[in-house]
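A short write-up of the structure that comes next.
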Amino acid sequence: MSEKNNVKVNKILLAVDKSGYKDKATGYAITLAKSLGAEVIAIHVIGSSSLGATRDVLGYYRGGKLKGYQDALKKDAEKFLDKVVDVGEKEGVTIKSDVIVGSPVKKAIIDYAKKQKVDLIVIGSRGMTGMEKFVLGGVAHAVVSYAHCPVLAVR
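Note that my numbering gives residue 24 to position 40 of the sequence shown, counting from 1, and the numbers run on in steps of one.
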(Lines of atoms letter the chains of each structure in order from A and count residues from 1; the text may use other names and numbers.)
(Lines give C-alpha, C1' and ligand atoms only; values in the text may rest on other atoms or scores of the structure.)
Protein backbone atom coordinates (compact mmCIF):
# COMPACT_ATOMS: atom_id res chain seq x y z
CA MET A 1 0.00 0.00 0.00
CA SER A 2 1.42 3.37 -0.92
CA GLU A 3 1.89 6.15 1.61
CA LYS A 4 -0.99 8.02 -0.03
CA ASN A 5 -3.40 5.14 0.64
CA ASN A 6 -2.29 4.54 4.21
CA VAL A 7 -5.35 5.25 6.34
CA LYS A 8 -4.80 6.21 9.96
CA VAL A 9 -7.66 6.57 12.42
CA ASN A 10 -6.52 8.51 15.47
CA LYS A 11 -9.78 10.05 16.62
CA ILE A 12 -13.28 8.56 16.57
CA LEU A 13 -16.43 10.57 17.18
CA LEU A 14 -19.27 8.53 18.69
CA ALA A 15 -22.56 10.38 18.20
CA VAL A 16 -25.22 8.80 20.41
CA ASP A 17 -28.82 9.36 21.37
CA LYS A 18 -31.10 7.26 23.54
CA SER A 19 -32.28 5.01 20.72
CA GLY A 20 -31.75 1.28 20.73
CA TYR A 21 -28.62 1.71 18.60
CA LYS A 22 -26.51 3.43 21.26
CA ASP A 23 -25.15 0.25 22.84
CA LYS A 24 -24.17 -1.30 19.53
CA ALA A 25 -22.63 1.95 18.24
CA THR A 26 -20.70 2.30 21.51
CA GLY A 27 -19.46 -1.28 21.17
CA TYR A 28 -18.20 -0.64 17.64
CA ALA A 29 -16.47 2.59 18.63
CA ILE A 30 -14.73 0.88 21.56
CA THR A 31 -13.68 -2.15 19.49
CA LEU A 32 -12.29 0.08 16.75
CA ALA A 33 -10.51 2.33 19.24
CA LYS A 34 -8.85 -0.66 20.90
CA SER A 35 -7.70 -2.21 17.65
CA LEU A 36 -6.58 1.06 16.05
CA GLY A 37 -5.17 2.78 19.12
CA ALA A 38 -7.57 5.66 18.58
CA GLU A 39 -9.17 8.05 21.05
CA VAL A 40 -12.96 8.33 21.35
CA ILE A 41 -15.11 11.37 21.90
CA ALA A 42 -18.77 10.61 22.67
CA ILE A 43 -21.28 13.36 22.05
CA HIS A 44 -24.98 13.83 22.50
CA VAL A 45 -26.65 16.70 20.69
CA ILE A 46 -29.60 18.48 22.25
CA GLY A 47 -31.72 19.82 19.41
CA SER A 48 -35.36 20.71 18.98
CA SER A 49 -36.22 17.03 18.39
CA SER A 50 -34.91 16.21 21.87
CA LEU A 51 -38.09 17.64 23.37
CA GLY A 52 -39.97 14.47 22.46
CA ALA A 53 -37.39 12.27 24.16
CA THR A 54 -37.58 14.04 27.51
CA ARG A 55 -41.25 14.80 28.00
CA ASP A 56 -41.03 13.59 31.59
CA VAL A 57 -39.38 16.88 32.60
CA LEU A 58 -41.33 19.09 30.18
CA GLY A 59 -44.41 19.33 32.39
CA TYR A 60 -42.36 20.61 35.30
CA TYR A 61 -40.81 23.43 33.30
CA ARG A 62 -43.80 24.65 31.29
CA GLY A 63 -44.24 27.99 33.06
CA GLY A 64 -41.77 29.77 30.78
CA LYS A 65 -38.72 28.44 32.61
CA LEU A 66 -36.83 27.58 29.43
CA LYS A 67 -33.38 27.98 30.98
CA GLY A 68 -34.26 25.50 33.70
CA TYR A 69 -35.59 23.07 31.14
CA GLN A 70 -32.46 23.35 29.00
CA ASP A 71 -30.30 22.81 32.10
CA ALA A 72 -32.31 19.69 32.95
CA LEU A 73 -31.85 18.36 29.40
CA LYS A 74 -28.11 18.98 29.59
CA LYS A 75 -27.81 17.29 32.99
CA ASP A 76 -29.79 14.30 31.69
CA ALA A 77 -27.50 14.08 28.65
CA GLU A 78 -24.38 14.24 30.84
CA LYS A 79 -25.67 11.32 32.93
CA PHE A 80 -26.43 9.42 29.74
CA LEU A 81 -22.90 10.02 28.43
CA ASP A 82 -21.38 9.04 31.79
CA LYS A 83 -22.76 5.54 31.17
CA VAL A 84 -21.01 5.45 27.78
CA VAL A 85 -17.76 6.58 29.43
CA ASP A 86 -18.14 3.83 32.05
CA VAL A 87 -18.52 1.16 29.35
CA GLY A 88 -15.31 2.43 27.76
CA GLU A 89 -13.45 2.32 31.08
CA LYS A 90 -14.50 -1.30 31.62
CA GLU A 91 -13.00 -2.10 28.21
CA GLY A 92 -9.82 -0.11 28.83
CA VAL A 93 -10.73 2.74 26.47
CA THR A 94 -10.83 6.32 27.68
CA ILE A 95 -13.82 8.15 26.26
CA LYS A 96 -14.14 11.90 26.49
CA SER A 97 -17.70 13.20 26.40
CA ASP A 98 -19.41 16.40 25.38
CA VAL A 99 -22.99 17.64 25.29
CA ILE A 100 -23.69 19.86 22.30
CA VAL A 101 -26.64 22.23 22.14
CA GLY A 102 -27.40 22.90 18.50
CA SER A 103 -29.94 22.54 15.79
CA PRO A 104 -30.25 20.94 13.41
CA VAL A 105 -28.65 17.93 15.10
CA LYS A 106 -27.05 16.67 11.88
CA LYS A 107 -25.25 19.99 11.33
CA ALA A 108 -24.08 20.07 14.94
CA ILE A 109 -22.52 16.60 14.57
CA ILE A 110 -20.89 17.40 11.23
CA ASP A 111 -19.51 20.75 12.46
CA TYR A 112 -18.23 19.22 15.71
CA ALA A 113 -16.49 16.39 13.83
CA LYS A 114 -14.76 18.83 11.51
CA LYS A 115 -13.73 21.16 14.34
CA GLN A 116 -12.29 18.26 16.35
CA LYS A 117 -10.57 16.83 13.25
CA VAL A 118 -11.96 13.35 13.76
CA ASP A 119 -11.01 10.57 11.37
CA LEU A 120 -14.17 8.48 11.72
CA ILE A 121 -17.72 9.02 12.96
CA VAL A 122 -19.72 6.16 14.49
CA ILE A 123 -23.47 6.76 14.64
CA GLY A 124 -26.66 4.72 15.02
CA SER A 125 -28.40 4.22 11.70
CA ARG A 126 -31.81 5.31 12.96
CA GLY A 127 -32.87 8.03 15.33
CA MET A 128 -35.72 8.43 17.73
CA THR A 129 -38.05 10.78 15.86
CA GLY A 130 -41.07 10.31 13.62
CA MET A 131 -40.56 9.04 10.08
CA GLU A 132 -36.82 8.68 10.67
CA LYS A 133 -37.63 5.40 12.42
CA PHE A 134 -38.62 3.83 9.09
CA VAL A 135 -35.68 4.75 6.85
CA LEU A 136 -32.01 5.38 7.39
CA GLY A 137 -32.35 8.02 10.07
CA GLY A 138 -32.43 11.56 8.76
CA VAL A 139 -29.55 12.55 11.01
CA ALA A 140 -27.48 9.49 10.12
CA HIS A 141 -28.19 9.96 6.42
CA ALA A 142 -27.06 13.59 6.50
CA VAL A 143 -23.93 12.74 8.48
CA VAL A 144 -23.04 9.95 6.04
CA SER A 145 -23.68 12.27 3.10
CA TYR A 146 -21.94 15.45 4.28
CA ALA A 147 -19.27 14.63 6.87
CA HIS A 148 -15.67 15.37 5.96
CA CYS A 149 -14.59 11.88 7.02
CA PRO A 150 -15.84 8.27 6.78
CA VAL A 151 -18.95 7.36 8.78
CA LEU A 152 -19.90 3.99 10.22
CA ALA A 153 -23.70 3.80 10.55
CA VAL A 154 -24.53 0.99 12.97
CA ARG A 155 -27.83 -0.88 12.78
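We put the CB at the ideal spot given by N, CA and C, even for glycine.
With burial defined as no fewer than 16 other Cβ atoms inside 10 Å of the residue's Cβ, what is the status of residue i: buried or exposed?
i	result
residue 4	exposed
residue 31	buried
residue 66	exposed
Give me the Cβ distance between residue i and residue j, rounded to the nearest whole Å; I'm assuming they're in contact under 8 Å.
i	j	result
residue 15	residue 71	Contact doesn't hold; Cβ gap of about 11 Å is too wide.
residue 101	residue -5	7 Å
Can you tell me where the beta strand (DSSP E) holding residue i begins and where it ends?
i	result
residue 81	79 to 85
residue 108	104 to 108
residue -1	-5 to -1
residue 162	The structure shown has nothing for residue 162, since the chain only spans -15 to 139.
residue 29	23 to 30
Do residue i and residue j have their C-beta atoms closer together than 7 Å?
i	j	result
residue -1	residue 107	yes
In its own chain, which residues sit with a C-beta less than 8 Å from the C-beta of residue i, not counting the 5 before and 5 after it?
i	result
residue -7	16, 20, 22, 103 and 104
residue 132	94, 97 and 98
residue 18	75, 76 and 77
Among the residues of its own chain, which have a CB less than 6 Å from the CB of residue i, if the five just before and after it don't count?
i	result
residue -10	none
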